[in-house]
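Numbering (full-length UniProt numbering), first residue to last: 1 to 343.
All C-beta atoms, glycine included, are put in the ideal place defined by N, C-alpha and C.
Since we're looking at a predicted model, the values are computed, not measured.
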Amino acid sequence: MSSSSSEAQANDFSSSDSTAIHTPLSSSSSSESLSRARPRSRSPATGSRSGGGSVRRRRSPPKQVSTTHTDESNGHLTAPQSAWRTISRSPSPLGLIPIHRSFNSLIHKHEVPRKALHVSIGGIVLYLYRNGYQPNMITPVLLSLLIPIASADILRFSVPSFNAFYIRVLGALMRESEVKGWNGVIWYLLGCLVVLHFFPKDIAVVSILLLSWCDTAASTFGRAWGRYTPAVRKGKSLAGCLAAFIVGVATAAMFWGSFAPNTPAFPNDPVGKMAELWTGNLALDLPVVGLVKGAKALAIGSLWTGFAASFSEVLPVFGADDNVVIPIVSAAGIWCFLKAFAV
Numbered sequence: 001m002s003s004s005s006s007e008a009q010a011n012d013f014s015s016s017d018s019t020a021i022h023t024p025l026s027s028s029s030s031s032e033s034l035s036r037a038r039p040r041s042r043s044p045a046t047g048s049r050s051g052g053g054s055v056r057r058r059r060s061p062p063k064q065v066s067t068t069h070t071d072e073s074n075g076h077l078t079a080p081q082s083a084w085r086t087i088s089r090s091p092s093p094l095g096l097i098p099i100h101r102s103f104n105s106l107i108h109k110h111e112v113p114r115k116a117l118h119v120s121i122g123g124i125v126l127y128l129y130r131n132g133y134q135p136n137m138i139t140p141v142l143l144s145l146l147i148p149i150a151s152a153d154i155l156r157f158s159v160p161s162f163n164a165f166y167i168r169v170l171g172a173l174m175r176e177s178e179v180k181g182w183n184g185v186i187w188y189l190l191g192c193l194v195v196l197h198f199f200p201k202d203i204a205v206v207s208i209l210l211l212s213w214c215d216t217a218a219s220t221f222g223r224a225w226g227r228y229t230p231a232v233r234k235g236k237s238l239a240g241c242l243a244a245f246i247v248g249v250a251t252a253a254m255f256w257g258s259f260a261p262n263t264p265a266f267p268n269d270p271v272g273k274m275a276e277l278w279t280g281n282l283a284l285d286l287p288v289v290g291l292v293k294g295a296k297a298l299a300i301g302s303l304w305t306g307f308a309a310s311f312s313e314v315l316p317v318f319g320a321d322d323n324v325v326i327p328i329v330s331a332a333g334i335w336c337f338l339k340a341f342a343v
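Take a look at the structure:
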């Protein structure tokens, strides 16, 4: 009896033990099967949850990454892309000169200090002409200015600390394209030196006046209204060309019609090839026109001068700076016209 009861206890123990052993295995296998089924239940189309019911999920569209670059790298640190770039019509809105950002409208957008200096040179030229200063007296002075200014540019290209100091002192007169490029004053001096050395006195004076006033007018009106007129070439608009033409006509009419006739002759005035070419008379070899004098001759000469100024403003000469192209091309055009028709 005792043996049978102990045998029954042993059987109960073994059965309970086997149940305890098999239970975890079955639970682990069921959890494994659930974990395998879970990715299928979470598919974007339909899926079942433990609460019963199917859910439809939508994938959000992938984000579009723009690969279009509107601005080419220029090798410099650029300002953040903000309203700074959209409101500026400067040829170089890079944010490289601190004072340009401090006085955006005055210095960067409208270039008031730079244009004031540009225009004032025309007044200096008229003063020198009225007081008898001859080209051979002015060219040594311009050369003495050109050498240190060009040397400073060479130095600042190789010494960043000097370039930073240079920008702090003269940044209001610079364009940001000149931070790593040649100063516009160098080209201005070169243009003046060429016309004063190779062309007659009156043509040299008029060409420098065109550089001083027509270029400023073209820049001002081109930035203000150029977007409403056709582009003549890259960076040049019809509005700017018309402004240069009108100011060129007015400049020639003022100089040859009033200023030069009221300036006395000087003993050291140039003679021969460098003597003044404008005489107030034009011999147009046309059967209907013939000899033209007085106001009509002045009008024709002024119109041609305006055309020369406008043409030099848009003429691309191997990418050369306007400050050297405008005076030389204008002087060449006026010289050809007067050589052909002035008597």
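Scanning the stretch 140-227 for uninterrupted alpha helix (DSSP H) segments of 4 residues or longer gives 160-170, 184-198, 201-209, 215-225, listed from N- to C-terminal end.
In the DSSP secondary-structure assignment, L282 is bridged to V292, A342.
Only residues of its own chain outside the window of five on either side were considered, and among them R156, F157, V179 have a CB closer than 8 Å to the CB of N163, listed in chain order. Approximately 4 Å separates the beta-carbon atoms of G248 and G306; this is inside 8 Å, confirming the contact. In the three-state reduction of the DSSP assignment, V232 falls in the strand class, which pools E and B. In this structure, the alpha-carbon of L211 lies about 7 Å from that of N323.
With fewer than 16 other Cβ atoms from the protein chains shown falling within 10 Å of its own Cβ, T279 counts as exposed. With a cutoff of 8 Å on beta-carbon distance, I138 and L209 are scored as not near each other. For F318, no alpha helix (DSSP H) run applies, since DSSP gives it neither H nor E.
The criterion of a C-beta distance shorter than 8 Å is satisfied by L291 and A283. Nearest neighbour of K201 by Cα position, chosen from S177, V159, P264, K273, turns out to be K273. By the criterion of at least three beta-carbon pairs nearer than 8 Å, the stretch 113-124 is not in contact with the stretch 147-156. Annotation: the continuous alpha helix (DSSP H) that includes S120 extends over 112-130.
Straight through space, the alpha carbons of R168 and L303 are spaced by roughly 43 Å.
Per DSSP, T263 lies in no alpha helix (DSSP H) and is assigned neither H nor E. A Cβ-Cβ distance of about 6 Å is found for the pair L173 and P113, placing them in contact under the 8 Å criterion.
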